[in-house]
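Numbering (this note's numbering), first residue to last: 1228 to 1656.
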């Protein structure tokens, strides 16, 4: 075909050549616009999911949501609280979140300014703070929230001097309250658990100062994040030896008291003994017991506000005589050996704690075993928890019409399903 008359050939050629780049630009512009729209549309639900469950990424959340769809929560008749210690956070894959009402991260300690501690006393990274900011704990919180569990954290202050200094400073208290409110908001939590453990007799004004602090914490939580529960841990002897706790004045301020009804015998005890004996105080076989703990506390606190702490562990002492369940403990040393924590899981998987050298104490309602340590040649006695002893404790909580039970600690049962089955049998409708 010839070009139109008087039209230069070069101009026509240039015109034809320019047409294709324009088409390419239009194509790629449309492509990028459509792609951007698709990305935005896909991002909106992911962003929305993240706003609901901010402790993990949205893709994990989708997996957890799908799991929850096929594993619905059980219908429980009581509160079942699981404490997740920082040192156990990466070992909690088999936790039955469908059988828990609450998951509490343990713990965030308090520094000398009242803030959550980033460093410990040695200047090293605080283990609780590190765990609080790592994936295992945050994934667990997200999974628990998706399952319908309440989630929270423990604030720990265990040193007498630190407690005294903290309670004497309004600015330190303000810092801790602010940190707690921020954490609740940021991670969509519903529970703050206070673990202040003062040993011995406190100064006269200290219990009143502690009550004032709890009242301020209660007021600020109610104002900033309504519906947040405030729990408090009590020692086993708090009913008759309240120390820091003015219990009658704390009852209106605290949603629940979690009673640490364990460590009746500890690594520092003069003799071996049950970690949580059900009976034995009245006959003076054991210096105190679980039954007496709750008999005392129920005179001060309504049952509906009491959570029974249940240990999933015991202790293993070097002793003078392995045939005596209350044998005097040997001084701890390389030659004698050391007291060891004996979790339910380790006891289950170790032959030493299941043979003819083991017995069930009918008064304490706990098992004990005596044996000789092949490494040191010294006698040892171990007291710990098994299926029978845990069943007794759960039944006690139910019979006393307590608000529920608190497991110390998640993961101590390893992969064994037995204790979950006992929990289910006792507290699921």
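C-beta atoms are modelled at their ideal positions from N, C-alpha and C, and glycine is treated no differently.
query	result
Please report how far the alpha carbon of residue 1452 lies from the alpha carbon of residue 1653, in whole angstroms.	33 Å
Given residue 1650, which residues of its chain have a CB within under 6 Å of its CB, disregarding the five upstream and five downstream residues?	1326
Sort 1503, 1437, 1399 by Cα distance to residue 1471 and report the nearest one.	1437
Hey, would you say residue 1633 sits closer than 8 Å to residue 1308, going by beta carbons?	yes
Could you name the residues that DSSP lists as bridge partners for residue 1343?	1337
With DSSP as the reference, label residue 1584 as helix, strand or coil.	coil
What number of angstroms, rounded off, separates the C-alpha of residue 1594 from the C-alpha of residue 1502?	10 Å
Can you check whether the CB of residue 1425 is closer than 8 Å to the CB of residue 1460?	no
What's the C-alpha gap between residue 1611 and residue 1542?	6 Å
In chain order, what residues of the same chain lie with their CB nearer than 8 Å to the CB of residue 1229, ignoring the 5 residues before and after it?	Because residue 1229 carries a pLDDT of 45, less than 50, the predicted location of this residue cannot be relied on, and the following value inherits that uncertainty. For residue 1229, where only same-chain residues beyond five positions count, there are no Cβ hits under 8 Å.
Relative to the C-alpha of residue 1351, which candidate in 1523, 1338, 1581 has its C-alpha closest?	1338
Let me know the beta strand (DSSP E) ranges lying completely inside the segment 1415-1471, each 3 residues or longer, listed in chain order.	1418-1423, 1456-1462
Give me, in chain order, the residues of the same chain whose beta-carbon lies closer than 7 Å to that of residue 1244; leave out the 5 immediate sequence neighbours on both sides.	Because residue 1244 carries a pLDDT of 45, less than 50, the predicted location of this residue cannot be relied on, and no value is offered for it.
Should residue 1372 be labelled buried (16 or more other beta-carbon atoms within 10 Å of its own) or exposed?	buried
How many Å lie between residue 1219 and residue 1600 at the Cα?	Residue 1219 lies beyond the range of the chain shown here (1228 to 1656); nothing can be said about it.
Kindly identify the DSSP beta-bridge partner or partners of residue 1514.	Per DSSP, none; premise fails for residue 1514.
Strictly by DSSP, which residues pair up with residue 1505?	According to DSSP, residue 1505 bridges with nothing at all.
Is residue 1597 helix, strand or coil when you go by DSSP?	strand
Given the structure, does residue 1259 come close to the ligand SAM, in the sense that its CB is under 7 Å from one of the ligand's heavy atoms?	The model on display carries no ligand, and the ligand SAM is accordingly not part of it.
Between residue 1630 and residue 1311, is the Cβ-Cβ spacing less than 8 Å?	no
Does DSSP put residue 1313 in a helix, a strand or coil?	helix
Look up residue 1498 in the DSSP assignment and give the residues it is bridged to.	1555
Is residue 1528 helix, strand or coil when you go by DSSP?	coil
With 16 other CB atoms within 10 Å as the buried threshold, where does residue 1314 fall?	exposed
State the CB to CB distance for the pair residue 1379 and residue 1417, rounded to an integer number of angstroms; the pair is presumed to be in contact (CB under 8 Å).	6 Å
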